[in-house]
Amino acid sequence: MDEYARDTKVEWREWGTAPFEDAADAGKPVLLALTVPWSAECRAMDRRTFGEPRIAANINDGFIPVRVDADRNPRVRERYTMGGFPSTVFLTPAGEVITGATFLGPDGFRGILDSVRESWDAQGSAAGSIPRQLQDESPPAGELRPRIEEHMVEQLLGAFDDEFGGWGTDVKFPLPRTVEFALVRARDQATRTLEAVRTHLLDTYDGGFFRYSTERNWGNPRREKLLDENAALVRAFAHGYRYTGTEAYRDAAQRTVDYLTTTLWAGDAFAASQAGSDEYYRLEPSEREGTVPPNVDETVFADRNGLAIDALLWVAAYTDDERAQQYASRARDTVCESLVADGEVAHYDGADSETGLLLDQAQLLQGLTTSWQVLGEPGPARAVADWTIENRQQDSGAFRDGPASGAGLCSRSLHPLDATVELADALVDLAALTGEDRYRNAALAAVESFAGAAERMGVEVAGYATVAARLQQPGTLTVGTEAGSDLHRAALRLADHETTVVPDPDGDGAARLLDGDAIVAEGTTPAELEAALTGEN
Numbered sequence: 005m006d007e008y009a010r011d012t013k014v015e016w017r018e019w020g021t022a023p024f025e026d027a028a029d030a031g032k033p034v035l036l037a038l039t040v041p042w043s044a045e046c047r048a049m050d051r052r053t054f055g056e057p058r059i060a061a062n063i064n065d066g067f068i069p070v071r072v073d074a075d076r077n078p079r080v081r082e083r084y085t086m087g088g089f090p091s092t093v094f095l096t097p098a099g100e101v102i103t104g105a106t107f108l109g110p111d112g113f114r115g116i117l118d119s120v121r122e123s124w125d126a127q128g129s130a131a132g133s134i135p136r137q138l139q140d141e142s143p144p145a146g147e148l149r150p151r152i153e154e155h156m157v158e159q160l161l162g163a164f165d166d167e168f169g170g171w172g173t174d175v176k177f178p179l180p181r182t183v184e185f186a187l188v189r190a191r192d193q194a195t196r197t198l199e200a201v202r203t204h205l206l207d208t209y210d211g212g213f214f215r216y217s218t219e220r221n222w223g224n225p226r227r228e229k230l231l232d233e234n235a236a237l238v239r240a241f242a243h244g245y246r247y248t249g250t251e252a253y254r255d256a257a258q259r260t261v262d263y264l265t266t267t268l269w270a271g272d273a274f275a276a277s278q279a280g281s282d283e284y285y286r287l288e289p290s291e292r293e294g295t296v297p298p299n300v301d302e303t304v305f306a307d308r309n310g311l312a313i314d315a316l317l318w319v320a321a322y323t324d325d326e327r328a329q330q331y332a333s334r335a336r337d338t339v340c341e342s343l344v345a346d347g348e349v350a351h352y353d354g355a356d357s358e359t360g361l362l363l364d365q366a367q368l369l370q371g372l373t374t375s376w377q378v379l380g381e382p383g384p385a386r387a388v389a390d391w392t393i394e395n396r397q398q399d400s401g402a403f404r405d406g407p408a409s410g411a412g413l414c415s416r417s418l419h420p421l422d423a424t425v426e427l428a429d430a431l432v433d434l435a436a437l438t439g440e441d442r443y444r445n446a447a448l449a450a451v452e453s454f455a456g457a458a459e460r461m462g463v464e465v466a467g468y469a470t471v472a473a474r475l476q477q478p479g480t481l482t483v484g485t486e487a488g489s490d491l492h493r494a495a496l497r498l499a500d501h502e503t504t505v506v507p508d509p510d511g512d513g514a515a516r517l518l519d520g521d522a523i524v525a526e527g528t529t530p531a532e533l534e535a536a537l538t539g540e541n
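The sequence shown lines up with residues 5 to 541 when you count with this note's numbering.
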C-alpha cells in the first residue's frame, strides 16, 4: 500500500482476488481507488474526501475498498481508469463497472455513493457492465495499405493549430511520436510544435518537461514530470535537431538529459516520476533556493527505462554526448540484470511486480535495438522479442497486454494499440539487425490486426502510421565496420530516423542504404556516404 493511504481513514485492501470474493460473500460492491504518486489531485482527495470520517465510515461499512497504485499495476489502470487520476470506480463482485469518476470532493463523493447504493440495491450485479474495449476478443483486422500513411497526413493537416502550434484546439499534449511522424511528412508542423513545447513546457530552472498544457495557447501547464514522457520528448527533440540543425532543439534535449541523469536518477537506473506542485512552481527561480522540490518516485520501471535508454542513445548518436551514452548503458545493464529473466521482463523489482507485460517487453526491446544500432551492443534483445512473440501474440496477430488471468477484468483480453506500435517498431529494427524475417512477420501481423480501424485513427496515434510505412517501405543502412567508427557515426547522423542502422564489424568497410535487397546508395567514407545519400557529387 502506498504511503499516502495512511493519510486516509478508509480500511483499504490490496488488489487481488480476495476482495472480490469477500464482496460476493458480503453482497457489497467494490470501491476501487486508482492513484499515482505524482498527482496532486490524488493527495488532495486523500485529505479532503477519504480523510473525512463520515465518508470513510460509509465506505468501510457499505463497500469493499481497494486501493491500487496505477503506475505499478498497468493492467488494472488500463481496464479501470476513468481518464485521469485519481480514478474512483465502483465495481460489482465480478469486477464489472457500475460507474466511476476522477477527482471528487466530499459533496460530489457523497452524491456518487448514494447513486451507486441505489443502483446496487435495485439491480445488484446487473448494475455493472464490461467496458467496450474489453468486449471484443480481437481488434478490427485489415490489410496494410499506403492509404494508412496518407490518412494520417490528412489528419495532421486537419487537426493542426495554425495559431499556436500543436494539434487540437483545447488541451495541448506534446505528442512526441506525432512530431516524429511529422518531421518526415509535415516538417513545418513538427518544428512549430517543438518550439511551442520548448517554450511552454520545458522547466528552464529545474529541468525536465511538464506533462501538458490545459489551454490552447499552451498556458497553465500541468507540473508533473514523468520519465516516459520526458524520454519521448528527448528523442523527438534529438530527431528534430538531426533534421534541422537547430541548436535550440539540441539544447532542449541535452538539458532534459541533465534532468534525467540528476533529479530522476535512482542510483543505477532512472526513477519513475516527479510530482507536481503548484506552490513550488509559483516561486521565482531565485526563491526556490532552499525550498524542498516536489517528491520523486524512485521506482525503476522497465518500460519507462526502455524509453529513456532509447532516447539518450539517440542524443549520443547525434551529438557525441558521452554522459548520455554512459547513463543509458548503465540503466540498460541494471534493468537487464535485475528485471529480465530468459526474455521475460518484470515491471519493477518487487515481490508483487507483474512480469511479461506487453509495454515492458516492447519499450525495453526498443531500448535494446537502439543500443544495438548505436553501440553495437544488443543485450538480450532476441530473448525479449522471442519471449514476447511466443507468450503474448495471439493467432489473430494481435498482442495481449499480459497474461490471461487476474482479479476483476484482468483475465479479459486487452490489445493496447500504443504498446503494439512500440513493439512492432522495435521488431522492424530487430529484423534488420538480425536479418531474420520472422521478426518483421510478427510486426506485420500485429499492425495488420488493427488495420481495419486505421481510417478512424487520429493524430495522437500517428506512430501507427509510422510503423505501417516502415513495414511497407523498410529502410536499412548497413555499415561494414564496428560501431563507433567514423563511418558508423556518420551513418547514424545521416540516416532518416525511420531507417535502421546496422553495424557489422565483420563487414567490408562500406556503408550501403538498402531498399529491400537493392543498393540505393553507398560509400566508404563519411563524405562519400553523405554525397551518396544527398545526391550531391
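All C-beta atoms, glycine included, are put in the ideal place defined by N, C-alpha and C.
The residues Arg52, Thr53, Glu56 and Ile59, in chain order, have a CB closer than 8 Å to that of Pro110 in the same chain once the five nearest residues on each side in sequence are set aside. Rounded to whole angstroms, Ala447 and Gly20 show a C-alpha spacing of 33 Å. Straight across, the Cα-Cα distance linking Ile134 with Arg47 is about 29 Å. According to the DSSP assignment, Val471 belongs to the alpha helix (DSSP H) that extends over Ala466 to Gln476.
Per DSSP, Ile134 lies in no alpha helix (DSSP H) segment and is marked neither H nor E. Ala450 places its beta carbon less than 7 Å from that of Ala428.
A contact between stretches requires three or more CB pairs, one per stretch, nearer than 8 Å, and the segment 188-197 fails this requirement with the segment 507-524. Counting the other Cβ atoms within 10 Å of the Cβ of Tyr263 gives 16 or more, which makes it buried. For Pro509, the three-state secondary structure derived from DSSP is coil. Closest in alpha carbon position to Gly249, among Thr267, Leu316 and Tyr322, is Tyr322. Between the alpha carbons of Ser277 and Asp118 lies a distance of about 36 Å.
Contact between Ala469 and Glu153 holds, with the beta-carbon distance rounding to 5 Å and staying under 8 Å. The beta-carbon distance between Ile68 and Ala131, rounded to whole angstroms, is 15 Å. This is too long to meet the 8 Å contact definition. For Val101, the beta-bridge partners assigned by DSSP are Leu95 and Ser133. The C-alpha of Ser290 is placed about 46 Å away from the C-alpha of Asp405. Per DSSP, the continuous alpha helix (DSSP H) segment holding Ala60 begins and ends at Pro57 to Gly66.
With 16 or more other Cβ atoms inside 10 Å of its own Cβ, Val40 counts as buried.
In terms of Cβ geometry, Leu421 and Val349 do not form a close pair [threshold 7 Å].
Asp73 has Thr39 as its beta-bridge partners, per DSSP.
Residue environment for Pro144: exposed (fewer than 16 other C-beta atoms within 10 angstroms of its C-beta).
When secondary structure is reduced to three states using DSSP, Ala402 falls in the coil class, being assigned neither helix nor strand. In the DSSP secondary-structure assignment, Ala522 is bridged to Asp519. Excluding its 5 nearest sequence neighbours in each direction, Glu358 has C-beta neighbours in its own chain below 6 Å: His351, listed in chain order.
Following the DSSP letters along the chain, one finds Gly456 in no alpha helix (DSSP H), marked with neither H nor E. Cβ-Cβ distances below 8 Å link Ala320 to Glu326, Ala328, Gln329, Ala332 and Val378 in the same chain, with the five nearest sequence neighbours on each side left out; the list follows chain order.
By the Cβ-count criterion, Glu452 is buried, with 16 or more other Cβ atoms from all chains shown falling within 10 Å of its own Cβ. Closest option to Thr485, judged by alpha-carbon separation, among Arg516, Ala455 and Gln476: Arg516.
In the three-state DSSP reduction, Gln330 falls in the helix class (H, G or I).
A distance below 7 Å separates the beta carbons of Ser142 and Ser400. Residue pairing by DSSP places Leu230 opposite Ser277 in a beta bridge. Relative to Arg202, the option among Leu161, Gly244, Tyr284 and Thr173 whose CA is nearest is Gly244. Cβ atoms of Val157 and Glu502 stay farther apart than 8 Å, at about 14 Å. Here Arg10 carries a helix assignment [DSSP, helix/strand/coil]. It is roughly 46 Å from the alpha-carbon of Tyr253 to the alpha-carbon of Trp16. The C-beta separation of Leu138 from Leu362 comes to about 15 Å, leaving the pair out of contact by the 8 Å criterion.
Classified as buried, Gln159 has 16 or more neighbouring CB atoms from the shown chains inside 10 Å of its CB.
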